[in-house]
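Residue numbers (the UniProt record's numbering): 1 to 346.
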């Protein structure tokens with residue numbers, strides 16, 4: 001089979017399109033013929049290398065894969081050959097108290113498939129094998145490409161807004177990076193709760209896409225002062241929930257935009273992690289700062305109920321062949337895409 005891998009960290013040029021051995025299913029595993037893989041920041045970070053995160057080399061990136069089951073192990077009972085499935089990329093021991101309680105993201109053995117796994121374990125391939133518990137069915141009314149654009153993003157956004165922030169009907173939510181992978185799903189999840197959504201992005205084109213997804217108010221951070229605009233839109237009250245994932249560049253503004261008793265939930269630090277906080281603001285306004293890393297399979301399945309009914313939709317910017325992964329990585333890092341980039345290996 002063909003696949004994308006890299007032997008050293010670096011820019012997009014380190015990605016290689018090479019022949020690889022086809023996987024064989026173990027007794028509790030399935031082999032998937034990969035039809036599509038959505039790109040996310042894990043792919044970029046794995047390729048570049050992150051301090052404190054070990055990436056096993058040679059490495060195959062890709063966490064957001066979908067495909068068709070072509071082989072099953074003898075102990076597999078919930079999946080059959082021919083099933084259309086997506087990958088749940090959180091690998092865990094499945095035996096500890098955290099896994100038993102549906103919080104596998106706290107398992108000490110947790111790994112993100114395609115990011116921390118290896119060597120040569122990830123989604124940028126034509127065939128991949130996973131444990132039976134790490135795949136789930138996708139509805140017939142969605143394409144493999146659209147499904148690949150939703151997998152990890154939908155679960156993460158659900159964990160952030162529903163589980164951690166406990167979003168309530170009628171609240172006002174500020175969403176940064178409105179047409180990023182998790183921004184797309186965050187808007188639609190917030191809309192399920194009849195929230196008022198203030199979407200922030202860097203171009204009018206992106207904001208128009210956010211409006212089509214359900215955003216109520218739009219802010220272009222390149223032409224408007226986000227804090228002042230939020231103050232105006234909320235009659236100086238501020239927002240109830242901040243959906244933060246960009247990091248240090250937006251942190252201070254996020255804190256400023258919070259109403260008394262508001263919650264900020266964050267899952268990322270794309271622009272840097274060394275943010276500062278005036279503790280007086282934290283305790284005086286009784287703010288809640290909530291961290292989020294990953295998601296449970298239960299949360300993924302809860303979100304996918306709304307994909308099946310059409311209330312959560314994909315937003316794909318471009319579909320590219322897998323052998324053009326280097327160019328796809330360059331486009332991803334330029335930040336001009338509106339929606340997800342998806343790679344197809346066939």
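Don't be surprised by glycine CBs; every beta carbon is placed ideally from N, CA and C.
- Residue 184 sits away from residue 191, with the two beta carbons spaced by 8 angstroms or more.
- Under the 8 angstroms Cβ criterion, the stretch 2-22 counts as touching the stretch 56-69, having at least three qualifying pairs.
- Its chain contains 23, 25, 29 and 31 as the residues whose beta carbon lies nearer than 6 angstroms to that of residue 129, once the 5 sequence neighbours on both sides are disregarded; these appear in chain order.
- Residue 275 is positioned such that its CB atom lies no closer than 8 angstroms to that of residue 304.
- Runs of the beta strand (DSSP E) spanning 3 or more residues and lying entirely within the stretch 61-86 occur at 64-72, in chain order.
- The beta carbons of residue 195 and residue 229 sit about 18 angstroms from each other, so the pair does not count as a contact at 8 angstroms.
- The three-state reading of DSSP puts residue 252 in helix, counting H, G and I together.
- Within the model, the alpha-carbon separation for residue 296 versus residue 222 is close to 35 angstroms.
- Taking the Cβ atoms as the reference, residue 177 lies roughly 6 angstroms from residue 246, within the contact range of under 8 angstroms.
- Under the 8 angstroms Cβ criterion, the stretch 163-172 does not count as touching the stretch 120-128, having fewer than three qualifying pairs.
- The continuous beta strand (DSSP E) containing residue 32 extends over residues 29-38.
- In the structure shown, residue 329 adopts helical secondary structure according to DSSP, grouped into three states.
- Residue pairing by DSSP puts residue 90 in a beta bridge opposite 112.
- Across the set 107, 91 and 90, the C-alpha of 107 shows the shortest separation from the C-alpha of residue 98.
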